[in-house]
Amino acid sequence: MKVLVIIPTYNERENLPVLTQQVLAHDGFHVMVVDDQSPDGTGQIADELAQRYPGRVDVLHRTGKRGLGRSYIDALQIARAGDADLICQMDADLSHDPKYLPDMVAEAAKGADLVIGSRHLHGVSVVNWPLRRLVLSAFANNYIRTVTRMPVKDCTSGFRCWRRDALQRIPLHRIVSDGYAFLVEMLYEAYRRGCRIGEVPIIFVERRVGQSKMSKSVILESAYMPWRMVLRGLRAKD
Ligand SMILES: Nc1nc2c(ncn2[C@@H]2O[C@H](COP(=O)(O)OP(=O)(O)OP(=O)(O)O)[C@@H](O)[C@H]2O)c(=O)[nH]1
Ligand SMILES: [Mg+2]
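Heads up, the sequence shown is in the working numbering, so the first residue is 861 and it goes up one at a time.
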C-alpha cells in the first residue's frame, strides 16, 4: 500500500523536518511538501529533505498568490494522477500527530473513501486552545452540520486521508474557497457524491512554533460558504 502525505507549508522551517521524519517512520509513506515561497526559507529546507530521503519526499514550489486552498488543489491534482493508493493531507505545524496515520489508513482499508482525523468524536480533544477558539470550532461545526446536513462531527479538520479513486470523483476545478472553507467545500463535494466518510479520534495540539495564519476574512468565508455550497448543490446536475 502506497500512501502519499501532502503537507502545505508557509513559514514552517522548524516544524517541517520534525514532521517529515515522523511521517517517513511509517513504511510505504511518502511526502509531498507544497510551499508558497515561504520567506523563512521553508522551501529550501524542503529541498534538502527531498535530497536526504530520495524517492520519498517531493516538493512543489508554488509561485504567485499564496493560499492554503489553492496549494491543496495543485497538490491534489498531481497526487490523484499518481500511483498512491491513499492520499493524506495534514498541517505542518505538528498539530496533527503522524502517529494517527495508521489508524486512518486502517479505517480506509475497512472501506471508507475519506477518513477524517476528528477532534469532535469524544467532546473536544484539543490541547492548548483558548476558550474562544474552542467555542468557535464547536460553533462552526454545528453551523455547518445544520446548514449542510452532513453527518460528520469534525467538518473543519485538515487531517484527512482519501482513497485515490474517491478523490478522482471530486471536481477539483470547481472548488472556489481558500481558507477553512476549502476543507468544508471538499468534504461537502465528497458527501454529495456518496463517498463513505469515516472519522477516527485524534488529539489536536496547538502549534508551539511559528505563526497562525487564521484571519478575519477566513472566518467570514466560512460563514457564507456552507450556504453557497448547498445552493450550488441544489442547482448542480452531477
Ligand atoms: N502552501 C501554503 N501553506 C499554507 C498557507 N497558509 C497556511 N499554510 C499551511 O497550512 C497549515 C495550516 O495553517 P496554520 O497557520 O496552522 O493555520 P491554523 O491551523 O488555522 O492556525 P493555528 O491553529 O493557529 O495553527 C500549516 O501547515 C501552514 O503552514 C498558504 O498560503 N500556502
Ligand atoms: Mg495550525
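Note that beta-carbon positions come from the ideal geometry of N, C-alpha and C, so glycine has one too.
Beta-carbon proximity list for residue 1093, same chain, < 8 Å, skipping 5 on both sides: Around residue 1093: 1048, 1052.
Residue range of the beta strand (DSSP E) that residue 869 falls in? It spans 863–869 - the beta strand (DSSP E) in which residue 869 sits, taken as one unbroken run.
Name the two residues that bound the continuous beta strand (DSSP E) containing residue 949. 946–949 is the span of the beta strand (DSSP E), which, as asked, contains residue 949.
For residue 895, which three-state DSSP category applies? Reduced to three states, the DSSP call for residue 895 is strand.
Determine the burial state of residue 995: buried for a count of at least 16 other Cβ atoms within 10 Å of its Cβ, exposed for fewer. Burial call: exposed.
Close-in-space but distant-in-sequence residues of the same chain around residue 1090 (CB under 7 Å, 5 per side omitted): Cβ within range, chain order: 1007, 1008.
What first and last residue would you give for the alpha helix (DSSP H) that runs through residue 876? Per DSSP, residue 876 belongs to the alpha helix (DSSP H) from 875–884.
Do three or more CB pairs link the region 1062–1081 to the region 1039–1046 at distances below 8 Å? With three or more CB-CB distances shorter than 8 Å, the region 1062–1081 counts as touching the region 1039–1046.
Going by alpha carbons, who is nearest to residue 942 out of 1088, 864, 1045, 983? The option with the nearest alpha carbon to residue 942 is 864.
Assuming residue 872 contacts residue 953 under a Cβ cut-off of 8 Å, what Cβ separation, rounded to an integer in Å, is found between them? Indeed they touch by this definition, with Cβ atoms about 6 Å apart.
Assuming residue 976 contacts residue 1017 (C-beta within less than 8 Å), just tell me the rounded distance between them. That belief holds up - the Cβ atoms of residue 976 and residue 1017 are roughly 5 Å apart, short of 8 Å.
Under the rule that 16 or more other beta-carbon atoms within 10 Å means buried, what is residue 1027, buried or exposed? Taking all protein chains shown into account, residue 1027 has 16 or more neighbouring C-beta atoms within 10 Å of its C-beta and is therefore buried.
Per-residue burial, residue 1012 [other beta carbons within 10 Å of its own, 16 or more giving buried]: Classification for residue 1012: buried.
Name the DSSP beta bridge partners of residue 1020, please? Assignment of beta-bridge partners to residue 1020 by DSSP yields 949, 976.
Just reading off the alpha helix (DSSP H) that residue 1057 is part of, what are its end residues? Going by DSSP, residue 1057 is part of no alpha helix (DSSP H) but of the beta strand (DSSP E) stretching over 1057–1061.
Does ligand 2 have even one heavy atom less than 8 Å from the beta-carbon of residue 955? Set against 8 Å, the gap from the CB of residue 955 to the closest heavy atom of ligand 2 is smaller.
Out of curiosity, what's the CA-to-CA distance linking residue 1087 and residue 908? As the crow flies, the alpha-carbon of residue 1087 is around 43 Å from that of residue 908.
State yes or no: is the C-beta of residue 1056 within less than 9 Å of the C-beta of residue 948? For the 9 Å CB-CB criterion, residue 1056 and residue 948 do not form a contact.
With burial defined as no fewer than 16 other Cβ atoms inside 10 Å of the residue's Cβ, what is the status of residue 914: buried or exposed? With fewer than 16 other Cβ atoms within 10 Å, it is exposed.
Going by the C-beta, is residue 874 closer than 8 Å to any heavy atom of ligand 2? No, the Cβ of residue 874 stays beyond 8 Å of every heavy atom of ligand 2.
Outcome for residue 1108 when other beta-carbon atoms lying within 10 angstroms are tallied against a minimum of 16: The first residue shown for the chain is 861 and the last is 1098, placing residue 1108 beyond what the model contains.
Let me check you understand the geometry: is the CB of residue 911 closer than 8 Å to at least one non-hydrogen atom of ligand 1? Ligand 1 never approaches residue 911 closely enough for any of its heavy atoms to be under 8 Å from the residue's Cβ.
By DSSP, does residue 1080 sit in helix, in strand, or in coil? Correct three-state label for residue 1080: helix.
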